[in-house]
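Participant: Under the numbering used here, the residue at position 124 of the sequence shown is numbered 142, and the numbers go up by one with no gaps.
The C-beta atom is built at its ideal place from N, Cα and C for all residues, glycine as well.
What you are looking at is a predicted structure, and each value in this text was computed from that prediction instead of being measured.
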Amino acid sequence: MKSNYDILCVEDDGINMSLMRHIFKKIPNATMWEACTGEEAVEIATARCPDLIIMDIQLPGMSGYDALARLQANEKTKAIPVVAVSSYAMASDIAKGRQAGFIEYITKPFYIKHFIQVIDSILRRLPF
């Protein structure tokens with residue numbers, strides 16, 4: 019495992035972004051970057067190549083699905099794992115997210131402990 023992970027959180031809701039900041043303070047080996055739109059997420063990911071991206075599905079402008087498609091089409095970012103976080107919680111929504119290429123699909127609201135466990139599990143599986 020690496021000693022420090024760079025994680026990009028893409029969330030347009032200020033309260034949810036505050037929650038993400040609170041959560042990532044609990045993960046000592048994680049540095050969190052922030053984006054509020056899909057466009058901004060693609061730009062930051064291309065420039066910084068984070069280890070992991072946490073992406074809301076409903077974003078202004080470019081959706082989380084569209085941002086994921088752009089990331090997957092870019093040679094520089096296609097290998098970055100992306101986790102969906104969404105209030106769309108039907109089984110068909112989760113299946114659609116997995117089919118699109120999200121490695122995990124976490125529904126809102128979520129338990130912080132579970133969220134941290136999922137993120138920790140993903141970070142442990144990263145090939146470094």
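Which same chain residues end up closer than 7 Å to Val-60 when comparing Cβ atoms and leaving out the 5 residues on each side of it in sequence?
Facilitator: Ala-85, Arg-88 and Leu-89
Participant: Suppose the cutoff is 7 Å on Cβ atoms and the five residues either side in sequence are ignored; what does the same chain contact list for Phe-133 look like?
Facilitator: Excluding sequence neighbours, Phe-133 sits near Ile-41 and Ile-124.
Participant: Quick check: what's the CA-CA separation for Cys-27 versus Ile-98?
Facilitator: 13 Å
Participant: Kindly indicate which three-state DSSP category Ala-102 falls into: helix, strand or coil?
Facilitator: strand
Participant: The alpha helix (DSSP H) with Tyr-83 in it runs from where to where?
Facilitator: 82-91
Participant: Using a threshold of 8 Å, state whether the C-beta atoms of Leu-77 and Asp-30 are closer than that.
Facilitator: yes
Participant: Please name the residue or residues paired with Asp-24 in a DSSP beta bridge.
Facilitator: Thr-49
Participant: Among Ala-109, Ile-130, Thr-95 and Ser-21, which residue has its Cα nearest to the Cα of Leu-37?
Facilitator: Ile-130
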